[in-house]
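A.B. asks: In the order they appear, the protein sequences are chains S and X.
Residue numbering for the first sequence follows this note's numbering, beginning at 1 and increasing consecutively.
Residue numbering for the second sequence follows this note's numbering, beginning at 141 and increasing consecutively.
Even for Gly, the Cβ is constructed at its ideal location relative to N, Cα and C.
Here it is, the structure in full.
Number of protein chains: 2
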Amino acid sequence: MKKSVFLYGISLALLVYVLKLIEYRYYVRDLSLGFYLTLIALLFGALGAWFGGQLVIKRIHSISSAFNANATSLKLTGISKREYDVLTLISKGDTNQQIADKLFLSLNTVKTHSSSLYVKLGAKRRTQAVQKAKELKLIP
Amino acid sequence: MKKSVFLYGISLALLVYVLKLIEYRYYVRDLSLGFYLTLIALLFGALGAWFGGQLVIKRIHSISSAFNANATSLKLTGISKREYDVLTLISKGDTNQQIADKLFLSLNTVKTHSSSLYVKLGAKRRTQAVQKAKELKLIP
DNA sequence: ATTCAAATCATCCTTTCGGGTGAAGGCTTA
DNA sequence: TAAGCCTTCACCCGAAAGGATGATTTGAAT
Chain S
1 MKKSVFLYGI SLALLVYVLK LIEYRYYVRD LSLGFYLTLI ALLFGALGAW
51 FGGQLVIKRI HSISSAFNAN ATSLKLTGIS KREYDVLTLI SKGDTNQQIA
101 DKLFLSLNTV KTHSSSLYVK LGAKRRTQAV QKAKELKLIP
Chain X
141 MKKSVFLYGI SLALLVYVLK LIEYRYYVRD LSLGFYLTLI ALLFGALGAW
191 FGGQLVIKRI HSISSAFNAN ATSLKLTGIS KREYDVLTLI SKGDTNQQIA
241 DKLFLSLNTV KTHSSSLYVK LGAKRRTQAV QKAKELKLIP
């Protein structure tokens, strides 16, 4: 981001320098002022468009890949590690028994975790829990 | 999109006109050519940046909202309209009974639809169905 | 007109979920 | 050390889901 701004600044400085040259040649050659103005407008318009596009793209990227398992939401909901493990597998469509097998837990433990998950997510069913977890960016 | 380009064109034309005025005043007032050049550069740079940003945003939107219920995948899976209705509500965390109420169906019918959904999606549970449907872009 | 898929509903039966509750061991922190 | 949370597991019970199968109606295609 800062790098982009820096690059943009450099480009701008360079162009201003070029403009200086043009300014000098203005007295030498016989091109209208309007020509240069249009040229500059086009140049900076294009440059600005590119820059603006890059800016937005970067922002979008930083938002969409802001899926760092979202520690903020995790703390807000108070979901623990183990509960999160269960949540992840629930979202993949595993049954409680399958989750128990994968996490080396008893079925009852998985049920306990999922139950507290529902409470913390304000859900009544696993499908709801998955939906809410996605809203909170807890899972992809 | 076309509208944006048009607006941009209009803005550009307007500014060029303004530049004309400035050009005339150049002979009247005592401001350096560099000043105007920089002004133009900044103006068009900013305008271009805004325009570029808008362009990218629109493109992103059209991509992300290119969620036209993905007819391709629907045909491939052979999911019917009614099944799709059920799928949608399933993905929202509704129970079969709730779905039945919303769609004015009997619980059994909902079960039938969901069962054939699972077959067509290669899922064994509703949570899996939801996950696969998302992969196929059938639901958001 | 016959055929076929979709949509609707049913019954029976098994599995899975989910709620409620209790309890034991471990770790952290006041 | 006591309080508190996390993790683990258990039992009970009702609700929801899911599988198998069959039946009727309707609309579209052949």
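My guess is that F184 (chain X) and A123 (chain S) are in contact by the Cβ rule of under 8 angstroms, so how many angstroms apart are they, rounded?
C.D. replies: Their Cβ separation, rounded to whole angstroms, is 52 angstroms, which puts F184 (chain X) and A123 (chain S) out of contact at 8 angstroms.
A.B. asks: By the DSSP assignment, the alpha helix (DSSP H) with I230 (chain X) in it spans what residues?
C.D. replies: 221-231
A.B. asks: Just tell me which of X:L257, X:T252, X:D225, X:T212 has its CA closest to the CA of K242 (chain X).
C.D. replies: X:D225
A.B. asks: Which same chain residues, not among the five before or five after Y118 (chain S), have their C-beta less than 6 angstroms away from its C-beta?
C.D. replies: A129
A.B. asks: Which residues in chain S sit within 9 angstroms of F184 (chain X), going by Cβ to Cβ distance?
C.D. replies: I40, A41, L42, L43, F44, G45, A46, L47, G48
A.B. asks: Could you confirm whether any beta carbon from chain X is found closer than 8 angstroms to the beta carbon of A123 (chain S)?
C.D. replies: At a cut-off of 8 angstroms between beta carbons, A123 (chain S) contacts chain X.
A.B. asks: Please report whether the beta-carbon of I230 (chain X) lies at a distance below 8 angstroms from any beta-carbon of chain S.
C.D. replies: Yes, its Cβ sits closer than 8 angstroms to a Cβ of chain S.
A.B. asks: Helix, strand or coil, according to DSSP, for R266 (chain X) in the structure here?
C.D. replies: helix
A.B. asks: Run the CB neighbour count on S106 (chain S), radius 10 Å, all protein chains shown included, and call it buried at 16 or more, exposed below.
C.D. replies: Classification of S106 (chain S): exposed, given that the 10 Å Cβ count is below 16.
A.B. asks: Use the C-beta contact count for L154 (chain X): other C-beta atoms within 10 angstroms, 16 or more gives buried, fewer gives exposed.
C.D. replies: exposed
A.B. asks: Mind pulling the chain S residues with CB within less than 8 angstroms of V270 (chain X)?
C.D. replies: G93, T127, V130
A.B. asks: DSSP three-state label for S246 (chain X), please.
C.D. replies: coil
A.B. asks: Any idea what DSSP makes of L257 (chain X), helix, strand or coil?
C.D. replies: helix
A.B. asks: Can F191 (chain X) and A100 (chain S) be called in contact, C-beta distance under 8 angstroms?
C.D. replies: Cβ distance not < 8 angstroms, so F191 (chain X) and A100 (chain S) don't count as in contact.
A.B. asks: Going by C-alpha distance, which of S:K92, S:T127, S:L121 is nearest I79 (chain S)?
C.D. replies: S:L121
A.B. asks: Does the beta carbon of F244 (chain X) sit closer than 8 angstroms to a beta carbon anywhere in chain S?
C.D. replies: no
A.B. asks: Would you call the CB atoms of H113 (chain S) and E83 (chain S) closer than 8 angstroms?
C.D. replies: yes
A.B. asks: Grab me the residues of I230 (chain X)'s own chain with a C-beta within less than 8 angstroms of its C-beta, minus the 5 sequence neighbours each way, in chain order.
C.D. replies: I239, S254, L257, R266, A269, V270
A.B. asks: Which of the three DSSP states is assigned to I10 (chain S) in this structure?
C.D. replies: helix
A.B. asks: Classify T72 (chain S): buried if its beta carbon has 16 or more other beta carbons within 10 angstroms, exposed otherwise.
C.D. replies: exposed
A.B. asks: Please list, in chain order, the chain S residues whose beta carbon lies closer than 7 angstroms to that of G131 (chain X).
C.D. replies: Chain X is shown only over 141 to 280; residue 131 (chain X) falls outside these bounds and no answer can be derived.
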